[in-house]
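Q: Protein chains in written order, with our numbering: chain B, 1452 to 1560; chain X, 346 to 458.
Beta carbons: idealized from backbone N, C-alpha and C, even for Gly.
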Amino acid sequence: GENVEQHPSTLSVQEGDSAVIKCTYSDSASNYFPWYKQELGKRPQLIIDIRSNVGEKKDQRIAVTLNKTAKHFSLHITETQPEDSAVYFCAASREKLTFGTGTRLTIIP
Amino acid sequence: DTAVSQTPKYLVTQMGNDKSIKCEQNLGHDTMYWYKQDSKKFLKIMFSYNNKELIINETVPNRFSPKSPDKAHLNLHINSLELGDSAVYFCASSSQSYNSPLHFGNGTRLTVT
Chain B
1452 GENVEQHPST LSVQEGDSAV IKCTYSDSAS NYFPWYKQEL GKRPQLIIDI RSNVGEKKDQ
1512 RIAVTLNKTA KHFSLHITET QPEDSAVYFC AASREKLTFG TGTRLTIIP
Chain X
346 DTAVSQTPKY LVTQMGNDKS IKCEQNLGHD TMYWYKQDSK KFLKIMFSYN NKELIINETV
406 PNRFSPKSPD KAHLNLHINS LELGDSAVYF CASSSQSYNS PLHFGNGTRL TVT
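(1) What number of angstroms, rounded off, separates the C-alpha of S1469/B from the C-alpha of G450/X?
(2) Between which two residues does the beta strand (DSSP E) holding L1517/B run?
(3) Output the residue ranges of the beta strand (DSSP E) runs that lie fully inside the segment 373–428 of chain X and measure 3 residues or longer, sorted by chain position.
(4) For S438/X, report the span of its beta strand (DSSP E) as first-last.
(5) Considering just the uninterrupted stretch of the beta strand (DSSP E) at P1485/B, what are its terminal residues?
(6) Tell me the DSSP secondary structure of E1530/B in three-state form.
(7) Could you check which residue in D1535/B, S1544/B, L1517/B has the C-alpha nearest to that of I1498/B?
(8) Return helix, strand or coil for D1478/B, following the three-state DSSP convention.
(9) Does the beta-carbon distance from W379/X to F392/X come in below 7 Å?
(10) Suppose contacts are defined by Cβ-Cβ distances below 7 Å. Is K416/X in contact with D383/X by that definition?
(11) Is there a Cβ of chain X sitting closer than 7 Å to that of S1477/B, yes or no?
(12) Would you report the Cα separation of W1486/B and P1495/B, rounded to the nearest angstrom?
(13) Any Cβ of chain B within less than 7 Å of the Cβ of Y443/X?
Put into structure tokens, the structure is as follows:
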């Protein structure tokens, strides 16, 4: 089955700086890669997703890049703000969504 | 107006008891899921139903039994609760059985004492 590895597990970034979270996946047939944000005590919520026919997607301060050859994808958050503090999960899917282990992002004011 | 609602929000019970968690979605989605999030925050799929039919059944003890009376509801019944069952259980739905965004409920925090 699919295996998704996510790094780093924790990340502290000065407010205004950029944050990058990286994931690798094992199943070359996976074709859907969403990212979820989970604030403390809340439910995971989709923030951005990308499909395998696209190399990059951007939504305001958030961008995701996908390298199918290397089987890795990354989340980039620019101009970070305190409200970006949360746990972020990547996931990969062919027929079933497999989540990464999460990254706890802390924005330092 | 909550899209995916699950009850109860908190559930505290003793080992050996049987409990149920209910989930309903009003998004018109065909597929519903149960996920378990443990203390380390790992999110693991347990079950998935598409139009009331079971399509994913991960390696979950058979003490866990999902039931989908219609495509808008997916309940989870747990028999003979154990300490290791303590976790947050999330219900979710999506428009397709795979490769579409998940909409999560607010979670049920189960504590087994």
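A: Reading off the structure:
(1) 30 Å
(2) 1513–1518
(3) 376–382, 388–395, 398–402, 409–415, 418–423
(4) 432–439
(5) 1483–1489
(6) coil
(7) D1535/B
(8) coil
(9) yes
(10) no
(11) no
(12) 9 Å
(13) yes
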